[in-house]
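Worksheet: one structure, shown below.
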Amino acid sequence: MTHYDITIIGAGPAGATLARKLQGIYKVLLVDKRPLDKEPSMLIKNCGGLIAPDAQKALATFGLSIPKSVLVSPQMFSVETIDFDNDIVKNYQRHYINVDREQYDRWLISLCDGSIDKMFSTRYRGSTKSTNGYIVKLLKDGKKIEISTDIIIGADGANSKVKRELIGLQPQEPKRYISTQEWFPNRTNLNQFVAMFDEEISDFYSWIIPKDDLIIFGSAIEEGRDAMKYHTLQKEKLKKYGYDLSSPVKREGCHLLRPISSKAVCLGEGNVALIGEAAGLISPTSAEGISYAMLSGDTLGSALIEDKDNFLDLYERNTKPLKVISIKKCSNIQLCITKS
Ligand SMILES: Cc1cc2nc3c(=O)[nH]c(=O)nc-3n(C[C@H](O)[C@H](O)[C@H](O)COP(=O)(O)OP(=O)(O)OC[C@H]3O[C@@H](n4cnc5c(N)ncnc54)[C@H](O)[C@@H]3O)c2cc1C
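Under my numbering, the first residue of the sequence shown is numbered 62, with each subsequent residue one higher.
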């Protein structure tokens with residue numbers, strides 16, 4: 062059985078950033094159920110693909126610039142907000158880098174050198190404790206594989222199996238939302254990010270983002286409510302503002318977390334650590350999560366390099382600013398999305 066120092070489940074921005082940080086230092090396995098070494102399949106990450114100023118800053122601190130092949134048009138520097146409750150439309154300056162999210166993830170993974178073992182199209186099925194660490198069960202192309210590892214990292218997003226299985230529910234959990242996105246032809250050449258606030262629909266928000274010839278309309282509805290009903294109602298209400306959201310070419314949905322207290326962030330236990338959205342690290346006001354994912358991956362990487370035996374204490378200590386930012390950065394959702 063192959064043994065790894067560290068096994069990372071999930072190769073999104075969190076897992077890929079951690080893997081890159083650890084390359085050449087530890088024997089690392091990076092696992093993802095997506096076919097990230099082949100043509101993209103239906104199994105893609107649902108996301109607006111906006112690299113917000115905090116994520117741009119994180120990339121700058123890593124010395125990285127996004128290649129042209131990852132960008133989509135338009136590059137946006139303005140946000141329109143529609144406040145349905147008060148019937149107010151406003152425009153603000155805020156600079157986003159607009160990317161193809163699947164290509165963005167693939168680019169981050171491409172920065173990991175050959176010293177990182179990668180297993181894609183591979184599903185994490187669970188793990189059992191062994192004398193020195195864990196036996197990890199994986200499923201690749203219908204074939205069961207087992208490896209052993211000292212440390213397991215859950216970088217497996219909002220529905221983290223690593224967290225559910227190895228750590229369990231915490232006294233405080235992030236609030237859960239269902240996020241539905243539909244893609245439409247960009248019939249009006251929309252060239253800005255639109256954010257909608259409407260208490261009838263959600264206590265979070267809905268958005269429209271142009272992506273080349275298409276636009277994405279998405280909404281985040283509290284779990285337990287009829288997500289499709291309110292998503293459709295928001296589309297109806299948008300007609301008044303001139304938006305034609307008919308005949309979608311694609312529809313997708315997934316969970317989205319919203320930590321309303323810093324206690325809802327869980328960074329791990331023993332030899333299991335969580336990064337990115339698996340840890341509950343995401344902005345509770347704008348749902349911007351790419352910066353949190355990359356920064357937590359980088360911070361955990363530094364802790365593992367400094368002291369592999371006490372990495373969790375170091376990680377928890379060094380993640381405090383990120384936790385505080387996550388919760389206190391902005392209490393007003395509209396202000397948070399519009400401030401530059
Ligand atoms: C609709 C929507 C729009 C968003 N828009 C934006 C935006 O525009 N900008 C922004 O900054 N943030 C946005 N976010 C938030 C952002 O997408 C996440 O916070 C970010 O992707 C978290 O990164 P991560 O690496 O922690 O997890 P993820 O990106 O979710 O990656 C987790 C990885 O784990 C893999 N995985 C999961 N389970 C398993 C398993 N059992 N076995 C193997 N692999 C597994 C998945 O395939 C995936 O690759 C959005 C979120 C949603 C839902």
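By construction, the Cβ of each residue, glycine as well, lies at the ideal position given by its N, Cα and C atoms.
Handout entry: Local conformation of Val78 per DSSP, three classes
Key = Note that residue 78 corresponds to Thr in the displayed sequence, not to Val. In the structure shown, Thr78 sits in a helix (DSSP, three-state: H, G or I).
Practice task
Look at Ile277 and Gln242 and say whether their C-beta atoms are less than 7 Å apart.
Solution key: Going by C-beta atoms, Ile277 is nearer than 7 Å to Gln242.
Problem - Residue closest to Tyr185, alpha-carbon to alpha-carbon, out of Ile212, Ser280, Lys94 and Thr78 - result: A check of alpha carbon separations from Tyr185 across Ile212, Ser280, Lys94 and Thr78 identifies Lys94 as the nearest.
Exercise for the section: Compute the distance between the beta-carbons of Ile239 and Ile270, then report whether it is under 7 Å. Expected result: No, the pair does not count as a contact, with Cβ atoms beyond the cut-off.
Handout entry: Leu111 - DSSP class collapsed to helix/strand/coil
Key = DSSP places Leu111 in the strand class (E or B) of the three-state scheme.
Handout entry: Straight-line gap, Thr68 to Val255 (C-alpha atoms, nearest Å)
Key = In a straight line, the C-alpha of Thr68 is about 39 Å away from that of Val255.
Exercise for the section: Counting only the same chain and skipping the five closest in sequence on each side, list residues whose C-beta sits under 8 Å from that of Gly303. Expected result: Around Gly303: Thr249.
Exercise for the section: Would you please state the rounded distance, in angstroms, between the beta carbons of Pro74 and Asp166? I believe it to be under 8 Å. Expected result: Confirmed, about 7 Å.
Practice task
Report the option in Asp146, Glu226 and Tyr157 whose CA atom is closest to the CA atom of Ser139.
Solution key: Answer by Cα proximity: Tyr157.
Practice task
Run the proximity test for Glu367: is its beta-carbon closer than 6 Å to any non-hydrogen atom belonging to ligand 3?
Solution key: With respect to small molecules bound, the structure shown includes ligand 1 and not ligand 3.
Problem - Ala288: CB within 6 Å of a non-hydrogen atom of ligand 1 - result: The answer is no for Ala288.
Exercise for the section: Can you say whether Ser171 is buried or exposed, counting buried as having 16 or more other CB atoms within 10 angstroms of its CB? Expected result: Exposed, by the Cβ-count rule.
Exercise for the section: Take Phe245 and list the residues in its own chain whose beta-carbon comes closer than 6 Å to its own, dropping the five residues that flank it on each side. Expected result: Same-chain partners within the cutoff: Ile276, Leu306 and Pro309.
Practice task
Quick one: residues in its chain with C-beta nearer than 6 Å to the C-beta of Lys179, no 5 flanking neighbours on either side, listed in chain order?
Solution key: Excluding sequence neighbours, Lys179 sits near Leu91.
Exercise for the section: Could you check the C-alpha separation between Ser188 and Lys198 for me, to the nearest Å? Expected result: C-alpha of Ser188 to C-alpha of Lys198: approximately 6 Å in a straight line.
Practice task
Just the C-alpha distance for Leu79 and Asp374, rounded to the nearest angstrom, thanks.
Solution key: Counting only the Cα atoms, Asp374 lies some 17 Å from Leu79.
Problem - Environment of Ile321 [buried if 16+ CB atoms lie within 10 Å] - result: Note on Ile321: under 16 other CB atoms within 10 angstroms of its CB, so exposed under the neighbour-count rule.
Problem - Through-space distance from Gly110 to Lys236, alpha-carbon basis - result: Near 22 Å, if we compare the C-alpha coordinates of Gly110 and Lys236.
Practice task
Can you give me the start and stop residues for the beta strand (DSSP E) that Tyr353 sits inside?
Solution key: Run containing Tyr353: none in the beta strand (DSSP E); it sits in the alpha helix (DSSP H), Ile351 to Glu367.
Practice task
Check whether the Cβ of Gln242 lies closer than 6 Å to any heavy atom of ligand 1, and answer yes or no.
Solution key: Correct: Gln242 has its Cβ closer than 6 Å to ligand 1.
Handout entry: CB contact check: Glu243 to chain D, cutoff 7 Å
Key = Of the protein chains in the structure, only one exists, and it is not chain D.
Handout entry: Between the CA atoms of Gly76 and Leu383 - distance to the nearest angstrom
Key = About 17 Å.
Practice task
For the stretch 133-189, list the beta strand (DSSP E) runs that are entirely contained and at least 3 residues long, ordered along the chain.
Solution key: As far as the stretch 133-189 is concerned, its whole beta strand (DSSP E) runs of at least 3 residues are 137-144, 149-159 and 177-180.
Practice task
Have a look at Asp66 and Ser130 and give me their C-alpha separation to the nearest angstrom.
Solution key: Asp66 and Ser130 have their C-alpha atoms roughly 34 Å apart.
Exercise for the section: Evaluate His292 with the Cβ neighbour count: other Cβ atoms within 10 Å of its Cβ, from every protein chain shown; 16 or more gives buried, anything less gives exposed. Expected result: A residue is called buried when at least 16 other Cβ atoms come within 10 angstroms of its Cβ; His292 meets this threshold and is buried.
Practice task
Can you tell me the Cβ-Cβ gap for Gly329 and Ile228, rounded? I've got them flagged as a contact below 8 Å.
Solution key: About 7 Å; that satisfies the 8 Å criterion.
Exercise for the section: Determine the burial state of Met257: buried for a count of at least 16 other Cβ atoms within 10 Å of its Cβ, exposed for fewer. Expected result: Within a 10 Å sphere around the beta-carbon of Met257 sit 16 or more other beta-carbons, which makes this residue buried.
Handout entry: Gly124 CB to nearest heavy atom of ligand 1 below 6 Å
Key = No, the beta carbon of Gly124 sits no closer than 6 Å to any heavy atom of ligand 1.
Handout entry: C-alpha gap between Ser263 and Asn193, whole angstroms
Key = Linking Ser263 to Asn193 through their CA atoms gives a straight-line distance of about 47 Å.
Practice task
Pair every Cβ in the stretch 356-363 with every Cβ in the stretch 335-342, then say whether three or more of these pairs are closer than 8 Å.
Solution key: Verdict: yes, contact present.
Exercise for the section: Return the Cβ separation of Ala348 and Leu317 in integer angstroms, given the expectation that the two are a contact with Cβ distance under 8 Å. Expected result: Approximately 6 Å separates the beta-carbon atoms of Ala348 and Leu317; this is inside 8 Å, confirming the contact.
Problem - Exposed unless 16 or more other CB atoms sit within 10 angstroms - verdict on Ala150 - result: It should be noted that the sequence gives Val, not Ala, for residue 150. By the neighbour-count rule (16 or more Cβ atoms within 10 Å), Val150 is not buried but exposed.
Handout entry: Buried or exposed (CB count within 10 angstroms, at least 16 for buried), Gln295
Key = In summary, Gln295 is buried, with 16 or more beta-carbon neighbours lying within 10 Å of its beta-carbon over all protein chains present.
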